[in-house]
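A.B. asks: Pasting in a structure now, in structure tokens, and then I'll have a few things to ask.
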Amino acid sequence: MGLPGGSDGKASACNAGDLGSIPGLERFPGEGNGNPLQYSFLENSMDGGACVKRIALDPPALGSPDTTLSLDLSVGLGVRTLSAEFVFRCLLSWSPARWASSFRQSSITALFYFEDSRRIHARSTRVRKAVEEENCCFGTVDTWLLHKLTKGSEFATDFSNASTTGLFDPYEMCWSKIITSLLSIPLSLLPPVKDTSKESVDEQKDLIFVCLWQVADQQSAMFGECCFQTGDVKLTMGTGTFLDINTGNKPQQSVGGFYPLIGWKIGQEVVCLAEGNAGDTGTAIAWAQQLDLFTDAAETEKMAKSLEDSEGVYFVPSFSGLQAPLNDPCACASFMGLKPSTNKYHLVRAILESIAFRNKQLYEMMQKEIHIPVRKIRADGGVCKNSFVMQMTSDLINETIDRPVHVDMSCLGAASLAGLAVGFWSDKEELKKLRQSEMVFKPQKKWQEYEMNMGNWVKAVKRSMNWYKT
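Those letters in the sequence shown? Residues 1 to 470, by the UniProt record's numbering.
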């Protein structure tokens, strides 16, 4: 959680806590308990804002708009928490083969999620009973936290979070009657979709929580980067990589893996995005650290730069499968080209190179299928601190990339939205002036210098595909 320190847009406090991992079902995330979320949120809010009397909170900017929770209204408890990939997998388990094939080949990848209420009901007697008694409702993390922070008086979501669920029609700007009908999900279970610019006040001891805005994490980062115009592009490299382009007021999608999202809706203004993602970016670096290849992620840049190349070693970052444009949930992570002379420096460089190669794939697909000229590219997320990855990405896509001083853009975007809602900042032009650039990366090498290496990496990727059974 980050808190703005004043009208200059700088963060005055930042605090984070580990909620712990959700137990997985094989390689796919499974179920968890949503109740600890509120306690962790309150604890981190108080720790981060101890010096602030009254703070603006943005519950949904937590990075989990694709995680759904079911709520028992009779007791106010979360009874089921299902990740998007889990429910998508459930959908494929009962859908006819032609449906499963169609889903895999369309823009609906393993990350783009559908709720299988039949399976949920079958797995939980409590959920089934709550639905029958009309005491059950479904929502994302933002819905859950808003409901808890307001002591049950608010049950709602916003357009950005709703659009990530796969149940929302971004063209009609409402829950899809067709999809919910196909999946036997009563529309009455879903939260109203709002701009949520009003204040919902609740007291927790001596602290007043004012819920001013709701926005999903990637859309929040897009806003924080001031990507307000059509053609503005954001490259977030955190746990995973997310490439988003502002498509104006009209949603666009592709057949290769870019899906339409609502960026934000403020009054009559609607901004749409097209998003592609690649998983296991920061995950791969964290995994390498667990293997003691280095002690601090900051060391990896120097390690990679100390070598001319990876000596023919290639890494495939697919612990959770491969997303756009390959869309293979059954791919495995792997190192290829290992030799007796291979050392940890080669392994680290191969990991960092794989991140840049995936960025290249996403960018090429965006150019091919989203026919909007790129105006500018701005990066954020923890991995963008690595200048080796940033420079290689700039070279591969032959574009200039701007890295900001403050790389945690989700919390900054949420604070910006809340500040606009209460008049703390007058307009978006003022926000643009507040954004600070730390470094601009310009292409230094031609793509042809990387062509052979990327070609070999693509071979390694192909050999890692279809490894696991569906």
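Backbone N, C-alpha and C fix where the C-beta goes; we use that ideal spot for every residue, glycine too.
What did DSSP end up calling Gly455 once you bin it into helix, strand or coil?
C.D. replies: helix
A.B. asks: Nearest-angstrom Cα distance between Pro317 and Phe357?
C.D. replies: So the alpha carbons of these two residues sit roughly 10 Å apart.
A.B. asks: Alpha carbons only, please: which of Asn456, Glu451, Trp457, Asp408 is nearest the one belonging to Met222?
C.D. replies: For Met222, the closest C-alpha among the options Asn456, Glu451, Trp457, Asp408 is that of Asp408.
A.B. asks: So does the stretch 438-451 actually touch the stretch 254-273, counting three or more Cβ pairs closer than 8 Å?
C.D. replies: no
A.B. asks: Restricting to runs no shorter than 3 residues, where is the beta strand (DSSP E) found entirely within the stretch 246-324?
C.D. replies: 259-266, 269-278, 314-316
A.B. asks: Contact between the stretch 346-363 and the stretch 389-406 is defined here as three or more beta-carbon pairs at a separation below 8 Å; is this criterion met?
C.D. replies: yes
A.B. asks: So, Asn277 versus Gln323, is the Cβ gap smaller than 7 Å?
C.D. replies: yes
A.B. asks: Can you find at least 3 beta carbon pairs, one from the stretch 174-181 and one from the stretch 216-233, that sit closer than 8 Å?
C.D. replies: no
A.B. asks: Please report the straight-line C-alpha distance between Arg89 and Pro443, rounded to a whole angstrom.
C.D. replies: Bear in mind that a pLDDT of 35 at Arg89, under 50, signals an unreliable position, so the number given afterwards is only what the model happens to contain. Looking at the two C-alpha atoms, the distance is approximately 40 Å.
A.B. asks: Is the beta carbon of Phe319 sitting closer than 7 Å to the one on Gln391?
C.D. replies: No. Outside cutoff.
A.B. asks: Going by DSSP, name the residue or residues bridged to Ala379.
C.D. replies: Leu235, per the DSSP bridge assignment.
A.B. asks: Since Val255 and Ile245 should fall inside the 8 Å C-beta cutoff, what is the C-beta to C-beta distance between them, to a whole number of angstroms?
C.D. replies: So it is not a contact: roughly 16 Å between Cβ atoms.
A.B. asks: Among Gly337, Gly279, Pro191, whose alpha-carbon lies nearest the alpha-carbon of Cys136?
C.D. replies: Pro191
A.B. asks: Going by Cα to Cα distance, which pick from Thr140, Thr283, Val461, Val193 is closest to Asp217?
C.D. replies: Thr140
A.B. asks: Can the beta-carbon of Gly382 be found less than 7 Å from the beta-carbon of Gly240?
C.D. replies: no
A.B. asks: By Cβ distance below 6 Å, which residues in the same chain neighbour Leu307 in space, the five residues on each side in sequence not counted?
C.D. replies: Tyr345, Arg349
A.B. asks: Taking all protein chains shown into account, do 16 or more other C-beta atoms lie within 10 angstroms of the C-beta of Pro340, making it buried, or fewer, making it exposed?
C.D. replies: exposed
A.B. asks: Counting along the chain, where does the beta strand (DSSP E) carrying Cys136 start and finish?
C.D. replies: 136-140
A.B. asks: Can you grab the Cα-Cα spacing for the pair Ala156 / Thr165, in whole Å?
C.D. replies: 14 Å
A.B. asks: Kindly indicate which three-state DSSP category Val215 falls into: helix, strand or coil?
C.D. replies: coil
A.B. asks: Alpha carbons only, please: which of Leu189, Glu369, Trp264, Val389 is nearest the one belonging to Glu133?
C.D. replies: Leu189
A.B. asks: Return the residue from the list Val405, Leu273, Phe168, Tyr171 that minimises the CA-CA distance to Ser220.
C.D. replies: Leu273
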